[in-house]
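Quick notes on the structure that follows.
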Amino acid sequence: MSGHSKWATIKHKKGAVDAKRGKLFTKLIKELTVAARMGGGEPANNPRLRKAIADAKGQSMPGDTIKNAVKRGTGEIEGAAYEEVLYEGTGPGGTLFLVEGATDNRNRTVAEIRKIFEKNNGNLGGAGVAAWAFDRRGLITLDKGVANEDQLMEVAVGAGAEDYADDGEVWTVTTPPDVLNVVLEALEAAKIAVKASQLGFIPKNKKAVTGRDAELCLNLAEVLDDHDDVQNVYADFDVSDEEMARLS
Numbered sequence: 001m002s003g004h005s006k007w008a009t010i011k012h013k014k015g016a017v018d019a020k021r022g023k024l025f026t027k028l029i030k031e032l033t034v035a036a037r038m039g040g041g042e043p044a045n046n047p048r049l050r051k052a053i054a055d056a057k058g059q060s061m062p063g064d065t066i067k068n069a070v071k072r073g074t075g076e077i078e079g080a081a082y083e084e085v086l087y088e089g090t091g092p093g094g095t096l097f098l099v100e101g102a103t104d105n106r107n108r109t110v111a112e113i114r115k116i117f118e119k120n121n122g123n124l125g126g127a128g129v130a131a132w133a134f135d136r137r138g139l140i141t142l143d144k145g146v147a148n149e150d151q152l153m154e155v156a157v158g159a160g161a162e163d164y165a166d167d168g169e170v171w172t173v174t175t176p177p178d179v180l181n182v183v184l185e186a187l188e189a190a191k192i193a194v195k196a197s198q199l200g201f202i203p204k205n206k207k208a209v210t211g212r213d214a215e216l217c218l219n220l221a222e223v224l225d226d227h228d229d230v231q232n233v234y235a236d237f238d239v240s241d242e243e244m245a246r247l248s
């Protein structure tokens, strides 16, 4: 089975030990608000909201916090009006980056994202600079202990998943965009707990980077991911395990 983005692996490990819980909650709240604004506040009729609520509960977010985020999205209570943004840029060594965000101030966010790219040997580009190098896919993350390869083949691939990959401490399952919810429902029916799921991007081809370029790419991805208005970072660089060991 094909491997997944090295950045995805690093991010999952980072998330497992990340003490910045408030920052994680901020991202989850924004997703709840945007999902409710776009598809309504009833989870049964809004798959994106249903998933956002499940993700928030998975991180032990209080129920009142979830409800208030949804109500801000539907306009029942006042709050910031977030809109989705997608930034495309280039990184060290000819690498490509896609950055998904949710912001209440486009001008502020784009200026800050541009500055992050410039400070880390990259450039923020216009539409089409990087998107061509990625495919839109459903991405499902599972802890290693909840399923083995046979179960993934039978349940996930059997329900329409395209692939799964061993990403260290987690499995990453990829699906066509329109099959994500079908696969999630099949996993739920099989009592296989999902750690996280989303519609995201995977690179069509990965670029191996080493030395200083590897260090700069990892840093750029991490700084982008730490920005309050950034929801997800996707990149096409790949760092070998040997190179990761050397850098760490």
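Quick note on numbering: full-length UniProt numbering labels position 16 of the sequence shown as 16, and the sequence is numbered without any gaps. The beta-carbon is built from N, C-alpha and C at its ideal position, and this holds for glycine as well.
What residues in its chain sit with their C-beta under 6 Å from that of residue i, if we drop five residues either side in the sequence?
i: T33; result: A69, R72, G73 and Y82
i: A19; result: Caution is warranted here: a pLDDT of 48 is assigned to A19, below 50, making its placement in the model unreliable, and no coordinate value can be reported.
i: Q198; result: L139
i: C217; result: G91, P92, T95, V209 and F237
i: R37; result: G73
Could you check if residue i is buried or exposed, using at least 16 other CB atoms within 10 Å of its CB as the buried criterion?
i: N120; result: buried
i: L49; result: buried
i: residue 250; result: Because the chain is modelled from 1 through 248, residue 250 falls outside the range shown and cannot be assessed.
i: P177; result: exposed
i: K30; result: buried
In the DSSP assignment, what residue or residues form a beta bridge with residue i?
i: N232; result: E100
i: K207; result: F237
i: W171; result: L142 and D166
i: Q151; result: None; Q151 has no bridge partner.
i: residue 253; result: The requested residue 253 is not part of the displayed model; the chain covers only 1 to 248.
i: L199; result: G138
i: E83; result: T103
To which residues of the same chain is residue i closer than 7 Å at the C-beta, ignoring the five residues directly before and after it?
i: V155; result: A186, L187, A190 and I192
i: N123; result: G89, T90 and F117
i: A159; result: V182, V183 and A186
Closer than 8 Å by C-beta to residue i: which residues in its own chain qualify, once you throw out the five before and the five after it? Chain order, please.
i: D104; result: A80, A81, Y82 and E83
i: G125; result: E88, G89 and T90
i: S240; result: A208 and T210
i: G41; result: L49, V70, K71, G73, T74 and E76
Please look up how many angstroms separate the CB atoms of residue i and residue j, rounded, as I've assumed it's under 8 Å.
i: R246; j: G200; result: Contact doesn't hold; Cβ gap of about 28 Å is too wide.
i: D229; j: G101; result: 5 Å
i: V179; j: D143; result: Wrong, their Cβ atoms sit about 22 Å apart, outside the cutoff.
i: T175; j: A161; result: 5 Å
i: A147; j: D55; result: The Cβ separation is near 19 Å, so there is no contact.
Any chance you could list the alpha helix (DSSP H) runs of at least 4 consecutive residues sitting entirely within the stretch 16–85, in chain order?
-> 21–39, 47–58 and 63–74
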